[in-house]
Amino acid sequence: MDINRVKQILSSSGEIDVQYNGASVWIDKVNEDGRTATVHLRGPLEERTIVEITELEEV
1244 MDINRVKQIL SSSGEIDVQY NGASVWIDKV NEDGRTATVH LRGPLEERTI VEITELEEV
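Reading the sequence shown from the start, the letters are residues 1244 to 1302 in the numbering used here.
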């Protein structure tokens, strides 16, 4: 995925399925470096992880 698509998803009011390593995640924000994003798994766990934007996949 690229940074522009991540920003579109963040500003979208709809639910867009994004995966990281095969797991569905919510994108919390694009980080200041412009290469990474903070995400967390969909579901009850709120553990946040910083990942490379290029490793995110829209399903």
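For each residue, glycine too, the CB sits at the ideal point set by N, CA and C.
* Do I1246 and G1277 have their C-beta atoms within less than 8 Å of each other? -> Counting from 1 along the sequence shown, the entry for residue 1246 is found at position 3. Counting from 1 along the sequence shown, the entry for residue 1277 is found at position 34. A contact, by the Cβ cut-off of 8 Å.
* Residue of E1298, S1255, E1258 minimising C-alpha distance to A1280 -> Within the sequence shown, the letter at position 37 stands for residue 1280. Selected option, being the one with the closest Cα: E1298.
* Short check: CB of V1273 to CB of V1302, under 8 Å? -> Position 30 of the sequence shown holds residue 1273. Position 59 of the sequence shown holds residue 1302. Between V1273 and V1302, the C-beta spacing is not below 8 Å.
* Asked: Looking at C-alpha atoms only, which residue of E1275, S1267, E1258, I1296 is the closest neighbour of R1285?
  -> Translated into the one-based positions of the sequence shown, residue 1285 becomes position 42. Closest by alpha carbon: S1267.
* Starting from R1285, follow the alpha helix (DSSP H) in both directions and report where the run begins and ends. => Numbered from its first residue, the sequence shown carries residue 1285 at position 42. R1285 -> no alpha helix (DSSP H), and no H or E assigned at all.
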